[in-house]
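Its first residue numbered 1, the sequence shown is counted upward by one per residue in full-length UniProt numbering. Beta carbons are placed, not taken as given, at the ideal position from N, Cα and C, and that holds for glycine. It should be emphasised that the depicted structure is a prediction, and the values quoted were computed from it without experimental measurement. To start, the structure under review is shown below, and the notes come after it.
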Amino acid sequence: MTDTTVNTPESQFENFHARRELSVVQPKGSLALVNTQWIDSEQTIWGVPGTWAPLPKGESGLLLTATAAEGISVDGELVDGSVVVRGKDAENPSEIVFGPTVTGFVIASEEGTYALRVWDADSEGIQEFGSIAAFPYNPDWVITGTFTEIEGGTTVGFEHLKDDGKTRELAVPGEIIFTKDGVDYNLAAFKSGRALQLVFSDSTSGDSTYSVGRFLFVAPKADGTIELDFNRAVLPPCAFSYAFNCPMPPKQNRFPVAIEAGEKQALKKDGTLLHE
């Protein structure tokens, strides 16, 4: 039997959108994150048992103290006493299980401090989630630009949502340049694995789309061209959980026009906004 399905840009977009909606409800999807707590002294953490403390400077992770009755497993072993929980910056990070649906791991900051992230596969956010509202596929916002590598790279100050106006200098390997409707744009994107992550806002931000902005992941081609398909613009993790701290668009990534393509808002089952 011959497959007569036409793989159009519109159908590719629909498949991408369906995968996105599935991804946010996974056990460690964006809707599952219920807490991120930084540890600077011996303390308890909201929502989970045990006592948590920082390790000596230079060591990866946190020190957990718990009794067997509290039911915490680290790397498959029930904790009864004190154990080091290795951070995500370690060669072999630790995995934590608190219960049937609740898990965790330890993340590191650039300054060498550590936080526990707690995930609940049956979180309130997952239970309430209905859909991700998105614009219809818009071919006008599939743009070819150029990527020019900056020798040695540079840094750009990115403000984060919960950093009280402070900026973090993130490495930017080059410039993304394109022209749209006679206007030239020069954008900053930082590295995210093998891709580049573009954090942007536009005149829909805070109106029909999420107020903080949106993300677009792109990859330059060998000839220096780069495709920016804004239909694949996605909501940042903080649109799904307040426990994330998202980067905000730098000045050069704030479009004065409306980019009516990509994701708009996370919605509850009744169609109201999941987060403002």
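DSSP places Asn15 in the uninterrupted alpha helix (DSSP H) bounded by 9-23. In the structure shown, the three-state DSSP call for Gly104 is strand.
Under the three-state reduction of DSSP output, Glu124 falls in the helix class. About 6 angstroms separates the beta carbons of Ala32 and Ile126, which is inside the 8 angstroms limit, making them a contact pair. For the set Leu273, Ile259, Arg232, the Cα lying nearest the Cα of Glu10 is the one of Arg232. Contact check between the segment 168-184 and the segment 200-213: fewer than three CB pairs, one atom from each, fall below 8 angstroms, which does not count as touching. Annotation note: the segment 139-179 contains no uninterrupted alpha helix (DSSP H) run of length 4 or greater. Per the coordinates, the alpha-carbon of Tyr185 lies some 10 angstroms from the alpha-carbon of Glu175. If you look at Glu227, you'll find it in the beta strand (DSSP E) that goes 225-229. If you check the CB distance, Phe158 and Pro247 come in under 7 angstroms. An exposed status is given to Ala195, since fewer than 16 other beta-carbon atoms sit within 10 Å of its beta-carbon. Glu263 counts as buried, since no fewer than 16 other beta carbons sit within 10 angstroms of its beta carbon.
Beta-bridge annotation (DSSP): Arg117 is paired with Thr36, Phe105. Listed in chain order, the alpha helix (DSSP H) runs fully inside the segment 191-259 amount to none, counting runs of at least 4 residues. Burial is judged here by how many other beta carbons sit within 10 angstroms of a residue's own beta carbon; Ala68 has fewer than 16 and is exposed.
Between Leu55 and Leu64, the beta carbon gap of about 11 angstroms keeps them out of contact (Cβ cut-off 8 angstroms). Here Ala188 carries a strand assignment [DSSP, helix/strand/coil]. The residues Ile132, Val234, Glu263, in chain order, have a CB closer than 8 angstroms to that of Arg20 in the same chain once the five nearest residues on each side in sequence are set aside. In the structure shown, Ala68 adopts helical secondary structure according to DSSP, grouped into three states. Nearest C-alpha to Ile143 among Asp122, Glu227, Gln37: Glu227. By a beta-carbon distance limit of 8 angstroms, Ser94 contacts Val106. Their separation comes to about 7 angstroms. Ranking Gly271, Ala171, Phe135 by CA distance to the CA of Asp229 puts Phe135 first. The continuous beta strand (DSSP E) containing Val83 extends over residues 81-85.
C-alpha of Lys251 to C-alpha of Val212: approximately 13 angstroms in a straight line. Closest in C-alpha terms to Phe255, from the list Arg214, Ser241, His275, Pro236, comes Arg214. Contact annotation: Tyr137 and Ile39 have beta-carbon atoms that are not nearer than 7 angstroms. In the structure shown, the three-state DSSP call for Leu63 is strand.
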